[in-house]
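Here is the structure we will look at.
Residue numbers (this note's numbering): 1 to 166.
Laid out in structure tokens, this is it:
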């Protein structure tokens, strides 16, 4: 549902698959470890700098600070990542709020996408009979409204209540 009335569209010719992102990320992390990657968890990047053809990354871990030297760095932390300052900002910051729901019926047997007045929604059934529902809104919307009386959970519930599909 984007504008006007709701439209139901058949999916692509090939079937899709919904996965639990947390579980999928854990599988990928385990595969990286098994392939020889050194995983620092938990760790927080505190500095990054170039030194010739290498990156020097300073990190804080429970065991103390450390520096890592590497030819290649992958910053997978999103738009606000440590290395994103090298790229121009193209969009305003978006706040994504999501929750997994169990024991509810849903009109969405497949993935659903819907636009609201100042937000958009995405929802999909998961393989274990739960349903994931997400609301995406400009981050500035969170700073000035419902969140003062109940936090993120209340703000999420307020947004989801405005959805016709979810």
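Quick reminder that beta carbons are idealized off the backbone N, C-alpha and C, glycines included. Remember, it's a predicted structure, so these values are computed and weren't measured experimentally.
Fill in: Residue from 41, 75, 67, 36 with nearest C-alpha to residue 51
Numbered from its first residue, the chain shown carries residue 51 at position 51. Just measuring C-alpha positions, the residue of 41, 75, 67, 36 sitting nearest residue 51 is 67.
Worksheet item: Among all the DSSP beta bridges, which residues are the ones paired with residue 100?
Response: By 1-based counting over the chain shown, the position of residue 100 is 100. Paired residues: 132.
Fill in: Beta-carbon spacing of residue 137, residue 95 below 8 Å
Here residue 137 is taken as the residue at index 137 of the chain shown, counted from 1. Here residue 95 is taken as the residue at index 95 of the chain shown, counted from 1. The Cβ atoms of residue 137 and residue 95 sit closer than 8 Å to each other.
Worksheet item: Tell me, which residues are paired with residue 47 by DSSP?
Response: Translated into positions along the chain shown, residue 47 becomes position 47. Answer is 58, bridged to residue 47.
Practice prompt. Could you tell me which residues DSSP pairs with residue 94 in its beta bridges?
Written response: Working through the chain shown from its first residue, we reach residue 94 at position 94. Bridge partners of residue 94: 138.
Worksheet item: If we ignore side chains and look at the alpha-carbon of each, how far apart do residue 30 and residue 44 end up?
Response: Locating residue 30 in the chain shown gives position 30, where the first residue counts as 1. Locating residue 44 in the chain shown gives position 44, where the first residue counts as 1. Their backbone Cα atoms lie some 19 Å apart in a straight line.
Fill in: Sheet register partners of residue 165 (DSSP bridge)
Within the chain shown, residue 165 is the residue found at index 165, counting from 1. Residue 165 pairs with nothing; no bridge assigned.
Practice prompt. List the residues that DSSP assigns as beta-bridge partners of residue 114.
Written response: By one-based count along the chain shown, residue 114 stands at place 114. Residue 114 pairs with 121.
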